[in-house]
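To keep things clear, I will list the structure first and then write my remarks on it.
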Amino acid sequence: MSAITAELAPERDVTYGRSPLAHFASDVWVLTKRSIARIRREPETLADVTFMPVIFILMFAYVFGGAIVLPGGGNYHEYLIGGMLGMGLAQTAPGVAVALVTDMSTGLIDRFRSLPMSRWAVLMARSIAELLTQIISTVVVVCVGLAIGWRVHTGPAEVIAAFGLALLFGYAFTWAGVCLGMALRSPEAAQQTGFIIFLPLTFISSAFVPIQGMPGWLQPIAEWNPMSALAAACRHLFGNPNPAASVPVWPMQHPELAVVCWSVAMLVVFAPLAVHLYRRKALG
Amino acid sequence: MGEVPAIEAEGLVKHYGKTRALSGFDLVVPAGTVYGLLGPNGAGKTTAVRVFATLLRPDGGRARVQGRDVVTEAAEVRRQIGLTGQYAALDEYLTGRANLIMIGQLSRLTASAARRRADEMLERFSLTVAASRAVKTYSGGMRRRLDLAASLIGYPSVLFLDEPTTGLDPSARAMTWEIVRELAEGGTTLLLTTQYLDEADQLARRVAVIDGGTVIAEGTPEALKSSIGDEHLEVVLAAGTDVEAAIIAVRPFARGRVQPGQDGRRLSVPVAAAEGLTTRVVRALDAAGVQVNDVTIERASLDDVFLSLTGQVSSTEDDRAVEPELEGSAVA
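Right, dumping it as structure tokens:
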């Protein structure tokens, strides 16, 4: 009757023969499904990436927007959405840190590490699940944007390029969140630290207000802030008002290229760092 | 096959900063046995298990599981082992069944095999009814059961149970014991850490007592008991008696450390069985002017072994910080 004996798994039930790459892909898929299952069971976990952008858009469009004058003219509602996309994406980074810290503290990561699975699959799956929430956040921003009068004035190629750049940036930024998760001990600390980093990052940029209105000492920070580059790139590609085009600084003159550079740089720095921290944290 | 020990450690060393969690830890666990690792908080039990489970890299020494080195052949080791820690390592938001299927697939079972095995385990651990509920709705006992099921889903030949019954109520504890016995009968090797001596006594065929990161005694529970004296004298002193004088009076009869009880009126003396011993002890106490209410001879328990070897409760406060995952009451 004992279902639990020291018998080995039947040969046909195990996948040991498959290639490492097939194992990696399978592990990533299993763990990504885990994150999606959580969202399906508790959709309210998406509140921060759905309701928050809506509130921000409405606040800026109807409360602050009236007081903001764009250099060179243009509709603020059309200006806003290019910036909001980046904010919606960056906002998911504290979430990924919280999720990883939680898995660490409950011992789930320890269990994963005692299994014959691919170790990096844990981080990879988390980044992919995060990309999915970022897509949801982007869809929300687009829908609300259309409702408040934002329009695209270019063609499909430009639109695809804009969303592609935004998601590339969002994915790269996720790895910063992964590093944050590895560096902190408690989910609360991850939440707070994430917020402290992401708030100035989005606000000291051209995401909501034109750089020209900022004090001189702050302008270089905003000009080189990757969030400004992303906002400028999206505005340029959508054909929306883009006052940053008149700022004679390299990232503002070449925003698309700047976004690619920032994204690659973040991936090159944060992905290996995340793996290193994971390894170090794990092996003690 | 038979002569390769399931678990082996030679001179394991592990530091956390300046603290030595393991200092020259040796262990041999024959295949198919239940082996108890007994020690106070911070003794190094959890650290040792984490090294065997490939979660920690030792700073020195070697460890092998089923003949495979835990550092250089970690991937091979992971195919063989199951691990259950002190906390249920599960995804709170997934259902019990989804947790098991996930762990099964990550243990390299095919998707259909993982589903089948998950259902088998749910049945065996009486969790079928709760299978499609999120784990966060489970009681503590149910979580532990699911956790144990998860550690078994990949057909491990060696199972590490780190304080499997800490914080469980008596019925959940009894159920865990039953499963351990069943696994042992089925041929699984089990390494069990515990602070509860009766647990080791009940379940383990052999026991290692660990303190300060090293094994200070090893053997069958029976051998350990007889090593500190076959018998064991309980002396109950009258109120207001000088305990020190009583200890000095009984020391010539003792075969180990004389242990004063917590209430200050009780002495526990490991002794060798001998004719007329009680009479002589009472005379000695009387000669020393010690008032005695009761003297009884009892057979030694693992508690006595433990106390005689480790000298009371959890060794140092510092060590406790070393193993933050360790929780639970100290052994009194």
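Protein sequences appear in the order of chains A and B. Counted from 1, the first sequence has number 87 at position 89 by our numbering; the numbering is strictly sequential. So our numbering is basically just the index in the second sequence, starting at one, shifted up by 292. Idealized CB from N, CA, C, for every residue including glycine. Treat the numbers as computed from the prediction; the structure is a model and nothing was measured.
Contacting residues, own chain, Cβ-Cβ under 7 Å from A127 (chain A) (five flanking each side not counted): T30, S33, I34
Option in A:E156, A:L129, A:M82 with minimal Cα separation from A91 (chain A): A:L129
Neighbour list for V367 (chain B) in chain A, Cβ cutoff strictly below 8 Å: It should be noted that the sequence gives Ala, not Val, for residue 367 (chain B). Simply P114.
Best match in A:T200, A:L255, A:F196, A:H151 for proximity to L163 (chain A) [C-alpha to C-alpha]: A:L255
CA nearest to the CA of R16 (chain A), picked from A:I55, A:C141, A:S116: A:S116
Proximity test, Cβ basis, 8 Å: M394 (chain B) and chain A: yes
Inter-residue Cα distance where the pair is I209 (chain A) and S203 (chain A): 7 Å
Cβ-Cβ distance between T481 (chain B) and A340 (chain B) below 8 Å: no
Contact check, T376 (chain B) vs P456 (chain B), beta carbons under 8 Å: yes
Beta-carbon neighbours of A345 (chain B), restricted to chain A and to distances below 9 Å: D108, R111, S112
Three-state class that DSSP yields for V499 (chain B) in the structure shown: strand
Within chain B, the residues that A188 (chain A) reaches when beta carbons sit closer than 7 Å: Going along chain B, no residue has its Cβ under 7 Å from A188 (chain A), so there is no contact; the nearest lies around 17 Å.
Residues bridged to E279 (chain A) (per DSSP): For clarity, residue 279 (chain A) is Lys in the given sequence; the question names Glu instead. Paired residues: none, contrary to the question.
CB contact flag (L319 (chain B), V507 (chain B), <8 Å): yes
Rounded separation between L502 (chain B) and P562 (chain B) - CA only: The question names Leu, but residue 502 (chain B) in the sequence shown is Ile. If you take the alpha carbons of I502 (chain B) and P562 (chain B), they lie about 20 Å apart.
Bounding residues of the alpha helix (DSSP H) (the contiguous stretch that carries A301 (chain B)): Taken as a continuous stretch (DSSP letters only), A301 (chain B) belongs to no alpha helix (DSSP H), being part of the beta strand (DSSP E) at 299 to 308.
Interface positions of the segment 150 to 180 of chain A facing chain B (Cβ-Cβ less than 7 Å), listed along the chain: none
Distance between T43 (chain A) and D595 (chain B) (C-alpha atoms, nearest Å): 49 Å
Residues within the segment 318 to 329 of chain B neighbouring chain A, beta-carbon criterion of under 8 Å: G324
Endpoints, alpha helix (DSSP H) assigned at H21 (chain A): 18 to 39
Helix, strand or coil at P218 (chain A) according to DSSP, with G and I counted as helix: helix
Rounded distance between the beta-carbons of M180 (chain A) and A272 (chain A), thought under 8 Å: 6 Å
Endpoints, beta strand (DSSP E) assigned at I373 (chain B): 373 to 376
Three-state secondary structure (DSSP) of T608 (chain B): Residue placement at T608 (chain B) cannot be trusted, given a pLDDT of 34 that sits under 50; the coordinates are not used to answer.
Three-state secondary structure assigned by DSSP to P114 (chain A): coil
Nearest-angstrom beta carbon gap, R547 (chain B) and A564 (chain B) [assumed within contact, 8 Å]: 5 Å
P253 (chain A) - DSSP class collapsed to helix/strand/coil: helix
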